[in-house]
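**Student:** Each residue of the sequence shown is one higher than the last, beginning at 28 in my numbering.
Quick one: the structure is below, and I'll ask about it shortly.
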Amino acid sequence: ALIHMLADHGGVSRAVAHRDPAIQADIERIHARIAFNQDMPYGPAQVMRTGESSFNPRVRQEVVSAVSRTYPEYAEILQRIGLGSQITVPLRARKTTLGALTLGRAATRPYTEAHLSWAEDLGHRIGLAVENARLYNEARQLFEQTLSANYVSTPGGQILACNQSFAELLGFDSPDHLVKHPAPAFY
C-alpha cells in the first residue's frame with residue numbers, strides 16, 4: 028500500500044507498507060531520491076487532481092512497460108512486485124482531496140468492484156480522520172496561543188485543559204501543572 032498526502036508546503040509526502048520488508052525498503056529509498064511528480068497523467072497524481080478513483084483489475088504488461096520507460100528508476104521494483112491488480116482512491120475529506128491510497132496485489136487474486144467500493148470508503152474515512160486531526164491541532168494552537176485566559180472543565184468543576192495565560196493567572200508555570208490540582212483549591 029502507498030499513501031500520498033498533499034503537504035502544507037505544497038509538496039507530497041509518501042508512505043509505503045509492503046509485506047516484504049526488502050521491497051518496502053527499496054521503495055522508500057526510491058522515494059527518498061526522487062520527488063513525486065504531481066503532473067503524472069495516471070496513478071496517485073491523477074487521482075489527487077481529479078478526486079476520482081482509478082481501478083485496474085488486471086494491470087497489463089504494456090502499462091508496466093510504459094511506466095518503466097517513463098520512470099526507469101521504478102522498472103526493477105515494478106517487475107519484482109509483480110503488480111497484477113491495482114486500486115488508487117482519493118483520501119477525501121469534507122470538501123477537498125488530501126491525498127491518495129494505492130493498493131496492489133498479484134494477478135492471481137485480482138481486485139473486484141467490491142474491493143473498489145471498500146477502498147473508496149476506507150479512503151474517505153482516512154481523509155476525514157486526517158482532516159479532523161488537522162482541525163483539532165489548529166483549534167488547540169488557537170486555544171494555547173490566545174492572550175485571554177481560557178480553560179475547559181467538567182460540570183463538577185475539574186479543569187481538564189487550559190492555556191498558558193490561565194495557568195499563569197492562577198500562579199502556575201504551565202497548564203500541565205495546573206490540571207494536576209483539584210479545582211476547589213482555586214476557589
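For every residue, glycine included, the Cβ atom is placed at its ideal position computed from N, Cα and C.
#1: How about P84 and Y138: are their beta carbons less than 8 Å apart?
#2: Identify, in the order they occur along the chain, each residue of the same chain with its Cβ nearer than 6 Å to the Cβ of A176, setting aside the five sequence neighbours on each side.
#3: Quick check: what's the CA-CA separation for L162 versus I153?
#4: Would you report the Cα separation of G37 and G183, rounded to the nearest angstrom?
#5: So is R41 buried or exposed if we call it buried at 16+ other beta carbons inside 10 Å?
#6: From I30, T173, S81, pick the residue whose C-alpha is nearest to that of F63; which is it?
#7: Does the Cβ of G61 have 16 or more other Cβ atoms within 10 Å, making it buried, or fewer, making it exposed?
#8: Can you tell me where the alpha helix (DSSP H) holding Y178 begins and where it ends?
#9: Would you identify the three-state DSSP class for F82, choosing helix, strand or coil?
#10: Kindly indicate the opening and closing residues of the beta strand (DSSP E) around G183.
#11: Determine whether the beta carbon atoms of M75 and G126 lie at a separation below 8 Å.
#12: For I50 versus Y101, is the C-beta distance shorter than 8 Å?
#13: Would you list the residues sitting across from I30 in a DSSP beta bridge?
#14: If T115 and S80 are in contact, beta carbons under 8 Å, what's the gap, nearest whole angstrom?
#15: Can you check which of these residues, E147, R96, P48, H151, is closest to Q113 by C-alpha distance?
#16: Would the beta-carbon of L196 be found less than 7 Å away from any heavy atom of the ligand ATP?
#17: By the DSSP assignment, the alpha helix (DSSP H) with G154 in it spans what residues?
#18: Tell me which residues share the same chain as L174 and place their Cβ nearer than 8 Å to its Cβ, disregarding the 5 neighbours each side in the sequence.
**Tutor:** This is what the structure gives:
#1: In the sequence shown, the residue the question calls residue 84 occupies position 57. In the sequence shown, the residue the question calls residue 138 occupies position 111. In contact: P84 and Y138 (Cβ atoms closer than 8 Å).
#2: For the purposes of this step, residue 176 is identified with residue 149 of the sequence shown, where counting begins at 1. The answer, listed in chain order, is S192, F193, L196.
#3: Here residue 162 is taken as the residue at index 135 of the sequence shown, counted from 1. Here residue 153 is taken as the residue at index 126 of the sequence shown, counted from 1. Approximately 14 Å between the Cα atoms of the pair.
#4: Residue numbering aside, residue 37 sits at position 10 when the sequence shown is read from its first letter. Residue numbering aside, residue 183 sits at position 156 when the sequence shown is read from its first letter. Cα to Cα, the separation comes out at about 45 Å.
#5: Sequence index remark: in the sequence shown, residue 41 carries index 14 (1-based). R41 is buried by the Cβ-count criterion.
#6: Sequence index remark: in the sequence shown, residue 63 carries index 36 (1-based). Closest option to F63, Cα to Cα, is I30.
#7: For the purposes of this step, residue 61 is taken as residue 34 along the sequence shown, with counting starting at 1. Looking at the sequence shown, residue 61 is not Gly but Ile. Exposed, by the Cβ-count rule.
#8: For the purposes of this step, residue 178 is identified with residue 151 of the sequence shown, where counting begins at 1. Not the alpha helix (DSSP H): Y178 falls in the beta strand (DSSP E), residues 178 to 180.
#9: What you label residue 82 is simply residue 55 of the sequence shown in a count that begins at 1. Strand.
#10: Position 156 of the sequence shown, counted from the start, is the residue given in the question as residue 183. No beta strand (DSSP E) holds G183; DSSP gives it neither H nor E.
#11: Here residue 75 corresponds to residue number 48 of the sequence shown, with the count starting at 1. Here residue 126 corresponds to residue number 99 of the sequence shown, with the count starting at 1. Yes. Within cutoff.
#12: The count along the sequence shown starts at 1 and reaches residue 50 at position 23. The count along the sequence shown starts at 1 and reaches residue 101 at position 74. No.
#13: Residue 30 sits at position 3 when you count from the first residue of the sequence shown. I30 pairs with A42, L128.
#14: As a working note, residue 115 is residue 88 in the sequence shown. As a working note, residue 80 is residue 53 in the sequence shown. About 7 Å separates the two Cβ atoms, so the contact holds.
#15: The residue you call residue 113 lines up with position 86 of the sequence shown. Comparing Cα-Cα distances from Q113 to each of E147, R96, P48, H151, the minimum goes to E147.
#16: Annotation note on the ligand ATP: not contained in the displayed structure, which lists no ligands.
#17: The residue you call residue 154 lines up with position 127 of the sequence shown. Judged by DSSP secondary structure, G154 falls within the alpha helix (DSSP H) whose first and last residues are 140 to 172.
#18: Taking the first residue of the sequence shown as position 1, residue 174 is located at position 147. Closer than 8 Å at the Cβ level, and outside the excluded window around L174, lie S192.
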